[in-house]
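Asker:
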Amino acid sequence: MQSSPAAVSPGIEAFIRELPKVELHVHLEGSMQPATLLDLAAKHRVTSVPDSLEGVRDWYEFRDFPHFIEVYLTSLETLCDEEDFARLTADVAARLAAQNVRYAELHVSLYAHLMRGIPAGVVFEGIEHARREAEREHGIRMRWVPDFPGDYGVETGEQTLDAVLKDGPASVIGFGVGSVEVSRAPFADLFARARAAGLHSLPHAGENGGPERIREALDLLGAERIGHGIDCMRDPALVDRLRETGVPLDVCPTSNLCTGAIERIERHPLPRMLRAGLTVSLNSDDPPMFGTDLLNEYRVAHRLGLGAAELTDLARNGVVASYLDGSVERALLAEIDEVLERWSGQ
Ligand SMILES: [Zn+2]
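220 is the number of the first residue of the sequence shown in this note's numbering; add one for each residue after it.
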């Protein structure tokens, strides 16, 4: 299912644009624009992806979550050399900066590239080059969270972590697991090794796999933040635990609709999560694939009933849940508060 862009009043639209934002849950490769996909497919003569913009739009109509993963992995076949990774990253950075996103932690589907025979060094060289350029050009800071598909087994996680520890730059701040949600239990030792190496534990959990996946992520992977985590709302004791420990959740409403995790956007638990006292941030996941971006997620949140003050809470939560340096974090929070003050004084 594709979403349609949400419309809001001009006042709220201006407020959302003015609000300084961070993105904590966005996949680098899932941010590839259709035009980039077509160009790269033509460059490398990849025939497994559509060859027109219309075709790409149809291709992004996902039947269910496994179908989304299948399309996602196929789209990666267009990324082959350092230049491709740099181009993708530069494009993603410019689009984030244009939405007044100041900082982003991007998941990188590193294992998907390794399994196609692309060395980690090629991926990291390309994305790092563009990351540094983007920081100079747009002032946006970006950090990396390499991950692997959990349903491919623990060995794939081991290979991914080995590659990160061997070739990963200092801008790699975390390690993650995603794709079709399987038990997190087999990954306990792997995540212990990642944490011992100084990486933050940032797994997907409870996107559609139930509250138990979230408990496993907390108990077995030492999760410092939960990717999605919307299924916690099915378990009041888990909600209490998340509120008391303050473990943040990266919520991506439109993604949940497009992958079938929820049936109707009106029923998205985001407002209930926020009002239950959870540290919830707002994110876009795989924006072009879901016909969204972070600005649109704020519009969607507003249409779910959240006013300017609550939208500000979402923006603040993102900053607090991020791995930004303390002084930058404080300055950004002050800027966010100023935007709300101006709005409230109007
Ligand atoms: Zn994700």
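In this text, a Cβ means the ideal position worked out from N, Cα and C, and glycines have one as well.
1) Can you say whether S546 is buried or exposed, counting buried as having 16 or more other CB atoms within 10 angstroms of its CB?
2) Ignore the nearest five residues each way along the sequence and tell me which others in Q252's own chain have a CB closer than 7 Å to its CB.
3) Any idea what DSSP makes of R403, helix, strand or coil?
4) Ignoring anything shorter than 4 residues, give me the alpha helix (DSSP H) runs that lie fully in the stretch 410-451, in order along the chain.
5) Tell me L468's beta-bridge partners as DSSP assigns them.
6) Taking just the CA atoms, how far does G448 sit from M220?
7) Which two residues bound the contiguous alpha helix (DSSP H) that contains D258?
8) Run the CB neighbour count on D277, radius 10 Å, all protein chains shown included, and call it buried at 16 or more, exposed below.
9) Run through the DSSP bridge pairs and tell me what W363 is partnered with.
10) How about D366: is its Cβ closer than 6 Å to a heavy atom in ligand 2?
11) With DSSP run on the structure shown, which of helix, strand or coil describes G249?
12) So who's on the other strand from P396, going by DSSP bridges?
13) Keeping to the same chain, check which residues put their C-beta closer than 6 Å to that of E301; ignore five residues upstream and five downstream.
14) My output table needs one value for M220: the three-state DSSP class, helix, strand or coil.
15) Closer than 6 Å: is that where the CB of D512 sits relative to any heavy atom of ligand 1?
16) Is DSSP giving H487 helix, strand or coil here?
17) In the DSSP output, what is K240 paired with across the bridge?
18) Could you check what DSSP says for D504 in three-state terms: helix, strand or coil?
Answerer: According to the data block:
1) Counting every other CB atom within 10 Å of its CB across the protein chains shown gives S546 a total below 16, marking it as exposed.
2) Only residues of its own chain outside the window of five on either side were considered, and among them D310, P507 have a CB closer than 7 Å to the CB of Q252, listed in chain order.
3) coil
4) 430-439
5) I445, V499
6) In this prediction, M220 scores a pLDDT of 48, lower than 50, which makes its location untrustworthy; no coordinate-derived value is stated.
7) 253-263
8) exposed
9) L325, V391
10) For the structure depicted, ligand 2 is absent and the ligand set comprises only ligand 1.
11) In the displayed model, G249 falls within a helix according to three-state DSSP.
12) It is worth fixing the name first, because residue 396 is Val in this sequence and not Pro. Its beta-bridge partners are F367.
13) V341, E344, G345
14) Note that M220 scores a pLDDT of 48, beneath 50, so its modelled location is shaky; the value from the coordinates is reported in the next line. In the three-state scheme derived from DSSP, where H, G and I count as helix and E and B as strand, M220 is classed as coil.
15) A distance criterion of 6 Å places the beta-carbon of D512 beyond contact range of ligand 1, judged by its closest non-hydrogen atom.
16) coil
17) V320
18) Look at D504 here: in three-state DSSP terms it is strand.
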